[in-house]
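**Student:** What follows is a structure written as structure tokens; I'll ask about it next.
There are 4 protein chains.
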Amino acid sequence: MIIIFKENAPEKEINLLEKEIRALGLDIHKSKGQDTLLWGLVGDTSKINMDWLAARQIVESVKRVQEPYKKANRKFHPQDTVVDVAGKKIGGGHFQVIAGPCSIENTQQINSVALSVAQSGAGLLRGGAFKPRTSPYAFQGLHDEGLKLLLEAKKVCGLPVVTELMTPEHVDLFQDVDMIQIGTRNMQNFELLKEVGKLKTPILLKRGMANTLDELLMSAEYIMAGGNENVILCERGIRTFEPSTRNTLDLSAIPMLKKKTHLPVIVDPSHACGIRWMVEPMALAAIAAGADGLMIEVHNDPEKALCDGPQSLTPEMFNTLMDKVRRATAFFREL
Amino acid sequence: MIIIFKENAPEKEINLLEKEIRALGLDIHKSKGQDTLLWGLVGDTSKINMDWLAARQIVESVKRVQEPYKKANRKFHPQDTVVDVAGKKIGGGHFQVIAGPCSIENTQQINSVALSVAQSGAGLLRGGAFKPRTSPYAFQGLHDEGLKLLLEAKKVCGLPVVTELMTPEHVDLFQDVDMIQIGTRNMQNFELLKEVGKLKTPILLKRGMANTLDELLMSAEYIMAGGNENVILCERGIRTFEPSTRNTLDLSAIPMLKKKTHLPVIVDPSHACGIRWMVEPMALAAIAAGADGLMIEVHNDPEKALCDGPQSLTPEMFNTLMDKVRRATAFFREL
Amino acid sequence: MIIIFKENAPEKEINLLEKEIRALGLDIHKSKGQDTLLWGLVGDTSKINMDWLAARQIVESVKRVQEPYKKANRKFHPQDTVVDVAGKKIGGGHFQVIAGPCSIENTQQINSVALSVAQSGAGLLRGGAFKPRTSPYAFQGLHDEGLKLLLEAKKVCGLPVVTELMTPEHVDLFQDVDMIQIGTRNMQNFELLKEVGKLKTPILLKRGMANTLDELLMSAEYIMAGGNENVILCERGIRTFEPSTRNTLDLSAIPMLKKKTHLPVIVDPSHACGIRWMVEPMALAAIAAGADGLMIEVHNDPEKALCDGPQSLTPEMFNTLMDKVRRATAFFREL
Amino acid sequence: MIIIFKENAPEKEINLLEKEIRALGLDIHKSKGQDTLLWGLVGDTSKINMDWLAARQIVESVKRVQEPYKKANRKFHPQDTVVDVAGKKIGGGHFQVIAGPCSIENTQQINSVALSVAQSGAGLLRGGAFKPRTSPYAFQGLHDEGLKLLLEAKKVCGLPVVTELMTPEHVDLFQDVDMIQIGTRNMQNFELLKEVGKLKTPILLKRGMANTLDELLMSAEYIMAGGNENVILCERGIRTFEPSTRNTLDLSAIPMLKKKTHLPVIVDPSHACGIRWMVEPMALAAIAAGADGLMIEVHNDPEKALCDGPQSLTPEMFNTLMDKVRRATAFFREL
């Protein structure tokens with residue numbers, strides 16, 4: 002951590018701060034230029050709050066050198082983490098496609114989609130029972146009934162299931178779920194992160210639509226600090242000024258996250274673009290950029306879907322996509 | 002709601018959609034150009050999900066004409082709403098300043114700040130007991146103990162209190178709180194919004210740092226649809242590309258929100274800028290733009306604050322600010 | 002184009018507007034709902050300024066249905082455009098890599114890079130003679146001398162050359178340049194666009210770092226409307242809130258542009274990311290997403306480069322990349 | 002400037018870099034932590050290109066401590082600059098309103114607006130002769146003829162005139178213009194900045210719609226480095242995700258710019274919001290935030306304006322605004 006002092010900062014105040022910093026067990030390297038006094042703090046600064054230093058009248062600015070995350074940091078854990086979701090491995094060379102409808106609507110729908118995505122080669126089944134919707138008047142999911150249908154579909158298709166948890170109060174309902182999704186709007190719902198940090202269930206943590214990669218890693222750190230190190234990160238598009246897609250898919254997040262962390266990184270092109278015909282090119286681009294998996298919305302009848310119809314693939318489109326995905330992952334594995 | 006069809010959309014599909022739309026009790030006005038077929042849907046479209054239409058193969062795009070919010074909409078409620086927080090009125094010409102520390106640290110600190118802000122003319126006391134922090138290693142607030150200290154400080158200073166609720170599980174602890182704050186990271190924590198929609202307590206709803214004004218109003222609608230119409234909106238800065246301030250304060254949100262909604266709108270310049278010396282000019286600008294109130298962070302010793310020190314005013318600075326605030330609100334009331 | 006009127010707009014004003022619109026040769030389809038009056042304008046509205054309508058007191062809002070670009074629009078030109086740059090074709094299945102240093106520094110440097118990128122299989126040589134730099138104190142390029150060196154390097158390596166034009170005043174110096182680049186900061190330098198619209202030379206038009214795809218196409222339209230239809234579009238990263246990369250590469254721009262326009266689309270991963278080790282994964286992702294080419298910065302000694310050293314590949318790295326590019330383009334051509 | 006080295010950077014390379022840095026006349030203060038080696042460069046680093054350092058394999062990152070602008074920097078020029086535009090002073094306590102139509106349309110229009118804004122108390126007349134328009138098919142201004150009409154209107158109303166220069170080629174036509182505007186899309190048109198840097202005419206430099214404040218100051222530095230220190234900065238709204246206004250007016254730019262620079266700062270609420278009824282509250286907010294002036298679009302018949310009608314005030318609305326502006330500037334001068 003680097004402290005840059007204001008010109009003419011009174012020596013007395015500087016000495017006081019030095020004592021406080023040394024009391025934390027940190028060492029200080031001082032650099033005095035013609036106009037500028039800099040300090041480099043030496044030691045473990047990951048738990049120091051920059052604001053504590055920035056609040057001082059004598060301080061011009063504070064810059065962090067070390068990353069504030071430890072458990073998620075590749076520096077301290079160089080090998081790729083492989084997350085095992087009920088026998089399906091993700092990360093460290095293991096690639097999985099998670100597929101299914103945005104929301105579970107009825108037995109026939111979820112079973113039909115489940116069977117078809119399994120047959121096409123998906124590794125996990127997704128389906129929403131509790132749905133975060135912008136409007137209070139929109140369909141909010143089937144709730145407990147939806148979870149029940151999802152677990153039945155799991156038996157029908159044989160795939161592990163992933164579904165979104167929206168509040169700590171529902172956590173008991175999710176005991177048989179194989180992977181719990183934390184959605185984009187809850188990436189910084191810290192009480193929810195703490196709650197799933199207590200579980201053993203793998204967590205699929207989606208990037209907030211306006212959150213930086215370091216903030217995503219700090220949210221992963223919340224879960225890991227609680228004891229649950231089975232975290233998979235998911236890039237799903239960020240909010241920008243461009244109106245032609247729902248969000249802007251940030252594929253550079255893949256190599257950058259893989260540099261910063263050992264956790265697996267998957268991509269959700271369906272939510273990023275919000276348009277059916279863009280899913281395939283962006284899915285292939287995600288593979289080329291090094292993703293460990295994909296999350297794809299599939300619906301047996303997208304035109305009648307209760308949510309996210311415009312971006313859902315039909316089972317036939319998904320089958321075609323899976324064929325290309327298999328060939329592309331094989332190609333890039335060899336490249 | 003306007004539907005624009007794809008060129009060469011098959012008539013059979015169009016006729017099918019017409020039946021479905023009419024079954025919802027809506028009328029259709031058709032406009033056929035040389036290349037383009039448009040439909041205007043007539044009737045109450047506020048509860049129609051645009052995706053349901055956009056998902057059709059025959060549909061090029063869907064545009065909303067009516068706003069999707071009803072209870073928050075000024076069109077259906079032309080008079081300004083006045084929210085009464087334990088005797089302190091906000092909105093409809095009533096202006097209040099909410100002041101206090103970012104987080105409650107101990108009895109001495111909160112009482113000292115409470116007394117000084119009350120003496121300077123603040124209308125409500127703020128103080129965080131449960132703190133949303135980016136890092137799991139940062140101070141997370143005193144929790145129940147913090148709430149207890151806040152309620153004691155309320156007795157000491159005589160001001161109603163405002164504090165942040167982070168999860169539905171804590172709602173019982175907030176029974177004696179006069180106004181509940183929903184923070185920027187929870188603006189789309191829909192389960193939390195539903196929970197506070199069941200209460201009678203006034204809700205201070207902060208704009209998400211990357212949310213549009215219409216999304217803010219939809220979140221207000223969640224609370225109001227649940228039965229709690231005591232909602233105050235708060236602009237607190239949005240995320241942009243500009244690095245010199247923590248966020249970019251969007252003061253144009255004030256007149257725009259006041260056009261769209263009857264709810265009171267206040268401004269938090271402390272979180273928006275993140276810098277102590279910017280609070281005063283931005284507070285005065287907020288008044289000039291028509292804000293119904295301000296939220297200001299004040300700390301007895303900002304240099305030692307456990308959070309948000311860099312943006313906290315000292316009691317002396319706050320006293321000077323309040324003098325200017327009083328004069329500025331009087332000036333603009335007359336202008 | 003759709004006009005939505007304000008409630009209670011006076012009929013007299015509406016009738017007046019109707020006359021003006023019909024005088025432009027447009028037809029009007031009217032739709033009257035319970036609260037809302039809509040008009041659909043029928044005919045060629047591409048040259049109508051939306052502001053002319055939006056400025057009316059009686060108008061609530063105006064929405065465009067037709068795209069405002071014609072010559073760049075795939076609707077009116079369904080086949081892919083193939084641009085021929087001195088024998089090197091780009092677009093419609095023809096893929097090219099443009100490579101070279103950010104700026105031309107001296108004979109030895111540009112010739113050395115030119116020869117090595119040619120040997121590795123680049124199709125065109127890039128090199129800056131006039132450099133847009135944020136700081137007036139930074140190296141601004143060798144100017145006329147740089148152009149001379151570039152044209153000599155062209156003879157040495159046998160590749161067509163691409164270089165940036167910054168102002169209409171320099172256009173005469175660019176007569177022997179094979180493709181003229183319009184940089185990101187000049188995408189809306191309309192006088193410059195008009196100037197290159199008068200030429201026959203192919204134009205490489207880079208997306209402005211905060212411009213939408215429709216704005217990019219309107220800038221292409223400026224050039225094409227002037228008579229020069231040899232335009233190649235280049236995605237090079239957009240400005241977002243994410244600080245870990247210089248810009249955020251928007252690969253979804255590739256399929257979206259290809260839907261909207263017949264012009265070729267290439268990608269510059271070097272400027273987008275600003276980091277050497279990210280160039281390869283993002284170049285491969287661009288190919289997977291359907292790009293018609295790549296623009297890659299290569300320097301014989303990146304550590305001593307006068308600009309953009311951090312993102313420049315060494316000739317060895319470029320050679321390895323080209324091998325993968327060849328295999329990836331072949332793979333995706335077959336997929 | 003601070004250099005952070007990679008772990009395990011070879012000493013030989015580090016020693017080499019040390020020699021190069023010392024050869025530039027800079028001193029180095031070294032700080033060696035347990036994992037991290039930092040250097041603070043001491044001396045005038047304003048002309049060092051950070052990329053030159055960041056490109057090294059041994060360098061992890063480079064952080065700037067000193068600002069890269071000198072002439073625009075308040076540190077080296079603590080007093081407010083007062084720019085005198087043909088007798089009208091701006092800055093250092095002098096406040097001016099610049100008003101007029103977006104574009105000059107004909108004699109009657111510009112003279113009528115000129116007289117009315119002068120009568121209402123505007124200090125300068127604006128009017129566009131060369132108009133940057135997104136569409137090549139939109140009205141592009143009257144060009145030379147427009148300038149002629151503007152200079153005639155100047156005689157009629159007695160106010161100095163401001164108009165936009167779009168390309169170096171037109172500079173000779175602007176000899177009698179009192180202040181030259183560089184528009185938002187040309188803020189980083191560096192050849193144009195160099196050109197106006199050679200003049201004595203005051204320059205109104207508008208912030209690029211996606212440019213940071215430091216980039217704005219670097220563009221001012223371009224003009225000042227050329228010898229023209231008569232620069233006025235103008236905040237006119239930035240591009241964000243919020244769709245309800247044309248841009249987001251960043252009023253926090255005013256106090257922040259005034260901290261960073263001695264140059265005057267004015268605000269253009271018309272372009273920022275794009276909506277007539279928002280001009281007044283945002284103009285008053287700009288005054289409260291400390292602006293040195295305002296730029297307001299006024300048209301004698303906004304509904305017929307050839308451009309920017311939706312945001313143009315009528316002369317009557319402008320007269321009402323000017324009355325409030327006078328009272329507000331007087332109020333804040335005393336506050």
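Protein chains in written order, with our numbering: chain A, 2 to 336; chain B, 2 to 336; chain C, 2 to 336; chain D, 2 to 336.
Where a beta carbon is used, it is the ideal one built from N, C-alpha and C, also for glycine.
Could you name each continuous beta strand (DSSP E) segment of 3 residues or more that falls completely within the stretch 20 to 68 of chain D, going from the start of the chain to the end?
**Tutor:** As far as the stretch 20 to 68 of chain D is concerned, its whole beta strand (DSSP E) runs of at least 3 residues are 28 to 33, 38 to 43, 60 to 64.
**Student:** Out of C:Met283, C:Gly122, C:Asp145, C:Glu8, state which residue places its alpha-carbon closest to the alpha-carbon of leucine 252 of chain A.
**Tutor:** Comparing Cα positions, the closest option is C:Met283.
**Student:** In chain C, what lies closer than 7 angstroms to phenylalanine 242 of chain A by C-beta?
**Tutor:** Ordered by position in chain C, the residues that pass the 7 angstroms Cβ test against phenylalanine 242 of chain A are Ala211, Thr213.
**Student:** Which residues in chain D have a C-beta closer than 7 angstroms to the C-beta of methionine 219 of chain C? List them in chain order.
**Tutor:** Thr135, Ser136, listed in chain order.
**Student:** Considering just the uninterrupted stretch of the beta strand (DSSP E) at alanine 100 of chain D, what are its terminal residues?
**Tutor:** Taken as a continuous stretch (DSSP letters only), the beta strand (DSSP E) holding alanine 100 of chain D covers 97 to 101.
**Student:** Check the Cβ of threonine 246 of chain B against every Cβ in chain D and list those closer than 8 angstroms, keeping chain order.
**Tutor:** Residues of chain D passing the Cβ test: Ser253, Met257.
**Student:** Using a cut-off of 7 angstroms between C-beta atoms, extract the partners of phenylalanine 332 of chain D located in chain B.
**Tutor:** Simply Phe332.
**Student:** Which partner residues of leucine 234 of chain A appear in the DSSP bridge assignment?
**Tutor:** Beta-bridge pairing links leucine 234 of chain A to A:Leu206, A:Val266.
**Student:** Quick check on the burial criterion: 16 or more other C-beta atoms within 10 angstroms. Buried or exposed for glutamate 317 of chain D?
**Tutor:** That one is exposed.
**Student:** Give the DSSP-derived three-state secondary structure of glycine 147 of chain A in the structure shown.
**Tutor:** In this structure, glycine 147 of chain A counts as helix in the three-state DSSP scheme.
**Student:** Taking Cβ-Cβ distances below 8 angstroms as the criterion, which residues of the stretch 275 to 294 of chain A are in contact with chain C?
**Tutor:** Here the close residues are Trp278, Met279, Pro282, Met283, Leu285, Ala286, Ala287, Ile288, Ala289, Ala290, Gly291.
**Student:** Could you tell me the alpha carbon to alpha carbon distance between alanine 292 of chain C and aspartate 145 of chain A, rounded to whole angstroms?
**Tutor:** Using only the alpha carbons, I get a separation of about 45 angstroms.
**Student:** Are the C-beta atoms of lysine 325 of chain D and some chain B residue less than 8 angstroms apart?
**Tutor:** Chain B contact via Cβ: present.
**Student:** Measure from the alpha carbon of alanine 73 of chain D to the alpha carbon of each residue in D:Gln80, D:Cys274, D:Glu222, D:Met2, then state which is nearest.
**Tutor:** When only C-alpha atoms are compared, the closest one is D:Glu222.
**Student:** Shorter than 7 angstroms, the distance from the beta carbon of lysine 156 of chain B to the closest heavy atom of the ligand HEM, or not?
**Tutor:** The model on display carries no ligand, and the ligand HEM is accordingly not part of it.
**Student:** Residues of the stretch 296 to 328 of chain A with a CB closer than 8 angstroms to any CB of chain C: list them in chain order, please.
**Tutor:** Under the 8 angstroms Cβ criterion, the stretch 296 to 328 of chain A contributes Lys325, Arg328.
**Student:** Examine the Cβ distances between the stretch 236 to 250 of chain D and the stretch 94 to 111 of chain D and report whether three or more of them are shorter than 8 angstroms.
**Tutor:** In short, these stretches do not touch, since the Cβ pair count stays below three.
**Student:** Does the pairing of the stretch 28 to 38 of chain B with the stretch 321 to 334 of chain A give three or more beta-carbon distances under 8 angstroms?
**Tutor:** Because the criterion of three Cβ pairs below 8 angstroms is not met, the stretch 28 to 38 of chain B and the stretch 321 to 334 of chain A do not touch.
**Student:** Output yes if chain A places a C-beta closer than 8 angstroms to the C-beta of histidine 272 of chain D; else output no.
**Tutor:** Taking Cβ atoms only, chain A never reaches closer than 8 angstroms to histidine 272 of chain D, which makes this a no.
**Student:** With 7 angstroms as the limit, tell me which residues of the stretch 158 to 181 of chain A have their beta carbon closer than that to any beta carbon of chain B; keep them in chain order.
**Tutor:** Of all residues in the stretch 158 to 181 of chain A, Met167, Thr168, Pro169, Glu170 have a Cβ within less than 7 angstroms of some Cβ in chain B.
**Student:** Of all Cβ atoms in chain B, is any one closer than 8 angstroms to the Cβ of threonine 249 of chain D?
**Tutor:** At least one chain B Cβ lies under 8 angstroms of threonine 249 of chain D.
**Student:** If I measure Cβ to Cβ from leucine 150 of chain B and keep anything under 6 angstroms in the same chain, skipping five residues before and after, which residues do I get?
**Tutor:** Contacts found: Ile105, Thr108, Ile111.
**Student:** Looking at the unbroken beta strand (DSSP E) that takes in glutamate 170 of chain A, where does it start and where does it end?
**Tutor:** Looking at the DSSP string, glutamate 170 of chain A is not in any beta strand (DSSP E), and its letter there is neither H nor E.
**Student:** Taking only the alpha-carbon atoms, compute the straight-line gap between serine 220 of chain C and leucine 206 of chain D and give it to the nearest angstrom.
**Tutor:** When rounded, the distance between both Cα atoms is 23 angstroms.
**Student:** Taking the alpha-carbon positions, what's the glycine 159 of chain D to alanine 119 of chain D distance?
**Tutor:** Their Cα atoms are separated by approximately 8 angstroms.
**Student:** Contact between the stretch 6 to 15 of chain D and the stretch 313 to 328 of chain C is defined here as three or more beta-carbon pairs at a separation below 8 angstroms; is this criterion met?
**Tutor:** The stretch 6 to 15 of chain D is not in contact with the stretch 313 to 328 of chain C.
**Student:** Assuming glutamate 192 of chain A and threonine 168 of chain B are in contact, meaning their beta carbons sit under 8 angstroms apart, how far apart are those beta carbons, in whole angstroms?
**Tutor:** Their Cβ separation, rounded to whole angstroms, is 4 angstroms, which keeps glutamate 192 of chain A and threonine 168 of chain B in contact under 8 angstroms.
**Student:** Taking Cβ positions only, does phenylalanine 6 of chain D come closer than 8 angstroms to chain C?
**Tutor:** By this cut-off, phenylalanine 6 of chain D is not an interface position.
**Student:** Can you give me the Cβ contacts of arginine 186 of chain D inside the same chain, cut-off strictly under 7 angstroms, excluding the 5 residues immediately before and after it?
**Tutor:** Hits under 7 angstroms: Pro133.
**Student:** For leucine 285 of chain D versus lysine 259 of chain D, is the C-beta distance shorter than 8 angstroms?
**Tutor:** No, they are not a contact pair.
**Student:** Under the assumption that isoleucine 239 of chain C contacts methionine 257 of chain C (Cβ atoms under 8 angstroms), give the Cβ distance between them as a whole number of angstroms.
**Tutor:** No, isoleucine 239 of chain C and methionine 257 of chain C are not in contact; Cβ-Cβ is about 13 angstroms, not under 8 angstroms.
**Student:** Which first and last residues belong to the alpha helix (DSSP H) in which phenylalanine 333 of chain A is found?
**Tutor:** Segment 316 to 335, the alpha helix (DSSP H) holding phenylalanine 333 of chain A.
**Student:** Would you report the Cα separation of serine 313 of chain C and arginine 75 of chain C, rounded to the nearest angstrom?
**Tutor:** Spanning the two alpha carbons is a distance of roughly 35 angstroms.
**Student:** Quick check on DSSP: helix, strand or coil for aspartate 85 of chain B?
**Tutor:** In the structure shown, aspartate 85 of chain B sits in a strand (DSSP, three-state: E or B).
**Student:** Check each candidate in A:Leu214, A:Pro137, A:Ile233, A:Gly184 and name the one with the smallest Cα separation from lysine 195 of chain B.
**Tutor:** Of the listed residues, the one whose Cα sits closest to lysine 195 of chain B is A:Pro137.
**Student:** Would you kindly check if the distance between the Cβ of alanine 306 of chain B and the Cβ of alanine 56 of chain A is under 8 angstroms?
**Tutor:** Cβ distance < 8 angstroms, so alanine 56 of chain A and alanine 306 of chain B count as in contact.
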